[in-house]
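Notes for the one structure printed next.
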Amino acid sequence: MPGTLVEEFFAHRHRRSVVSSFVPAPHEQWTPPVYVKSKGHAESIRRSIRRNLLFATIPQDTMQVLVNAMKHVAVDAGMNIVAQGDVAGDTFYIVASGVCDVVVDDRVVGDVCATSTRNFFGELALLYDSPRAATVRVRTRVECWTLDRRTFKCVLMATTMQQRALYLDFLGHVPIFSTLLSYEKMTVADALREAFVESGDIILTEGSTGDDF
């Protein structure tokens, strides 16, 4: 199963996962870390995480905060980045250069490399307290970008609260939503998703069936 993510092994073999109990306190004084990187590196990171469903709906400004927060790590050949059975994993990795083998029960079942469209692993560690389902072992020296769970959750919590306030304000000015109760408006607000269109793009076509608002 070349190219398969570590977490996909876990998903098939162990259906019970525990959502991480870490919840940043609302009053917690926290500033997202910023690690300086070139525009090229930042764009490469952005492309990688946009291919992951976990990050698919993150707004562009929040994406930039996460990109800034990713830390560079180098690991030598023969070292394990994560080990099967580890329970302390809380980091997401993007492989920027080099190749890693994915090892399950002492058998190589795939790899993760910089040139792959899925050059990342560990994303579910940002959400779940689960043992690592596989070992990721460095075949050739790798350069990685890493993101920790605390940063991810703090950034997303702040963004979610800001977005919800913005959407609720918008819904309060839309006549067809004026009769909704507060919790109903909040449900609608949480269901809204951003869509980006370029100048000249067609949003609606006359005569077509519409299913978006």
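Quick note on the UniProt record's numbering: the sequence shown kicks off at 1 and runs consecutively. Note that the Cβ used here is the ideal one computed from N, Cα and C, for glycine as well. Since this is a predicted model, take the numbers as computed values, not measurements.
Nearest to residue i (by Cα), restricted to the options the options
i: Val-34; options: Thr-57, Leu-147 and Asp-211; result: Leu-147
i: Asp-105; options: Ser-130, Ala-134 and Ala-125; result: Ala-134
i: Val-82; options: Glu-194, Ala-125, Val-155 and Ala-165; result: Ala-125
i: Asp-190; options: Trp-30, Asp-86 and Phe-170; result: Phe-170
i: Val-32; options: Leu-180, Ser-178 and Val-65; result: Correcting the residue identity first, residue 32 is Pro in this sequence and not Val. Cα-wise, what sits closest to Pro-32 is Val-65.
i: Leu-54; options: Gln-162, Asn-119 and Leu-127; result: Leu-127
i: Glu-123; options: Pro-131, Thr-91 and Ser-130; result: Thr-91
i: residue 257; options: Asp-201, Gly-200 and Ala-195; result: Outside the displayed span of the chain (1 to 213) sits residue 257, for which this structure offers no information.
i: Trp-30; options: Asp-201, Asn-80 and Lys-153; result: Lys-153
i: Met-161; options: Ser-178, Ser-199 and Pro-59; result: Pro-59
Sequence-distant residues of the same chain with beta carbon closer than 7 Å to residue i, five excluded per side
i: Thr-117; result: Arg-51
i: Ile-203; result: Val-197
i: Arg-193; result: Thr-57
i: Ile-45; result: Val-67, Met-70, Ile-94 and Trp-145
i: Asn-119; result: Ser-48, Ile-94, Val-95, Val-112 and Cys-113
i: Ala-42; result: Val-67
i: Asp-201; result: none
i: Thr-209; result: none
Cut-off 6 Å between Cβ atoms - residues of its own chain near residue i, not counting five sequence neighbours on either side
i: Val-108; result: Asp-101
i: Arg-141; result: Asp-76, Ala-77 and Gly-98
i: His-14; result: For His-14, the pLDDT reaches just 42, beneath the cut-off of 50, and the residue's location in the model is therefore unreliable, although a value from the coordinates is still provided. For His-14, where only same-chain residues beyond five positions count, there are no Cβ hits under 6 Å.
i: Lys-71; result: Tyr-35 and Thr-146
i: Ala-114; result: Val-95, Ala-96 and Ser-97
i: Val-73; result: Cys-144 and Thr-146
i: Asp-86; result: Arg-132
i: Val-174; result: none
i: His-27; result: Unreliable placement is indicated for His-27, whose pLDDT of 47 sits below 50; the coordinate value is still reported in the next sentence. Answer for His-27: no residue qualifies.
Environment of residue i [buried if 16+ CB atoms lie within 10 Å]
i: Thr-151; result: buried
i: Lys-185; result: buried
i: Ile-176; result: exposed
i: Asp-211; result: exposed
i: Gln-84; result: buried
i: Glu-206; result: exposed
i: Gly-89; result: buried
i: Ser-182; result: exposed
i: Ser-130; result: buried
i: Val-103; result: buried
Cross-strand partners of residue i (DSSP beta bridge)
i: Val-188; result: According to DSSP, Val-188 bridges with nothing at all.
i: Glu-143; result: Ala-74 and Ser-97
i: Arg-107; result: Val-104
i: Asp-148; result: Thr-91
i: Val-121; result: Note that residue 121 is Phe in the sequence shown here, rather than Val. Note: Phe-121 sits in a beta bridge opposite Tyr-93.
Contact set for residue i: own chain, Cβ-Cβ below 8 Å, skip 5 residues either direction
i: Leu-168; result: Lys-185, Met-186 and Ala-189
i: Arg-139; result: Ala-77, Gly-98, Val-99, Cys-100, Asp-101 and Asp-111
i: Asn-80; result: Thr-135, Val-136, Arg-137 and Val-138
i: Leu-180; result: Leu-171 and Val-188
What are the start and end residues of each continuous alpha helix (DSSP H) run of 4 or more residues lying completely inside the stretch 37-92, in chain order? 39-50 and 60-69
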